[in-house]
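Peer 1: In the UniProt record's numbering, the protein residues as written are 1 to 195. The beta-carbon is built from N, C-alpha and C at its ideal position, and this holds for glycine as well. Predicted model only: the values in this text are computed from it and were never measured. Here it is, the structure, as structure tokens.
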């Protein structure tokens with residue numbers, strides 16, 4: 001398997017790994033509480049996987065498009081925020097105060113965390129633009145529900161949101177956006193032709 005194939009396999013795997021891992025994290029939070037260390041570990045790993053998912057969806061968009069740039073920026077910053085919340089859960093599992101309840105530098109976690117649902121909405125918008133209507137709509141809905149579920153500590157909504165993401169993003173593994181595949185093929189053909 002060549003390097004480009006390995007890269008594509010990694011990015012494609014994130015379509016399932018990221019939402020399933022976050023479903024496991026939020027299910028664990030639902031069962032054990034929002035300050036559970038094991039759930040925090042799962043959230044950290046899932047958040048890292050979501051960075052790859054953001055790159056996967058962005059790679060289907062035309063190079064240089066504003067949506068692609070916004071998606072990469074929001075996706076990576078949002079994943080950093082989600083990782084921070086995972087580590088905060090690990091930290092609070094040892095009995096310390098949550099960062100969101102502190103002042104000063106600790107408040108950085110709040111805006112970073114809001115980039116994660118923004119990234120979900122942008123991923124949904126990208127998928128809608130690429131013709132993947134159902135996955136796109138599911139991602140947008142999940143992005144809107146995410147902060148309600150997680151800021152409000154509403155475990156059933158958090159788990160349900162992740163189920164929606166598993167269905168939406170997971171379906172792309174079997175049916176990737178046609179427009180995105182055509183654009184990527186055309187881009188590779190052009191690059192091969194030029195040099």
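Within this structure, are the beta carbons of residue 127 and residue 62 separated by less than 8 Å?
Peer 2: No, Cβ-Cβ distance for residue 127 and residue 62 is not below 8 Å.
Peer 1: So for residue 153, helix, strand or coil by DSSP?
Peer 2: Of the three classes helix, strand and coil, the one that applies to residue 153 here is coil, per DSSP.
Peer 1: For residue 155 and residue 139, what's the separation of their Cα atoms in angstroms?
Peer 2: About 19 Å.
Peer 1: On the premise that residue 53 lies in contact with residue 24, defined as a C-beta separation below 8 Å, what is that separation, rounded to the nearest angstrom?
Peer 2: Actually they do not touch by this definition, with Cβ atoms about 15 Å apart.
Peer 1: Could you check the C-alpha separation between residue 119 and residue 174 for me, to the nearest Å?
Peer 2: Roughly 22 Å between the two C-alpha positions.
Peer 1: Where do the N-terminal and C-terminal ends of the alpha helix (DSSP H) with residue 71 fall, by residue?
Peer 2: Taken as a continuous stretch (DSSP letters only), the alpha helix (DSSP H) holding residue 71 covers 66-92.
Peer 1: Applying the criterion that 16 or more other CB atoms from any shown protein chain within 10 Å of the CB defines a buried residue, is residue 162 buried or exposed?
Peer 2: Buried: at least 16 other Cβ atoms inside 10 Å.
Peer 1: Taking the alpha helix (DSSP H) that residue 25 belongs to, which residues open and close that run?
Peer 2: Per DSSP, residue 25 belongs to the alpha helix (DSSP H) from 3-32.
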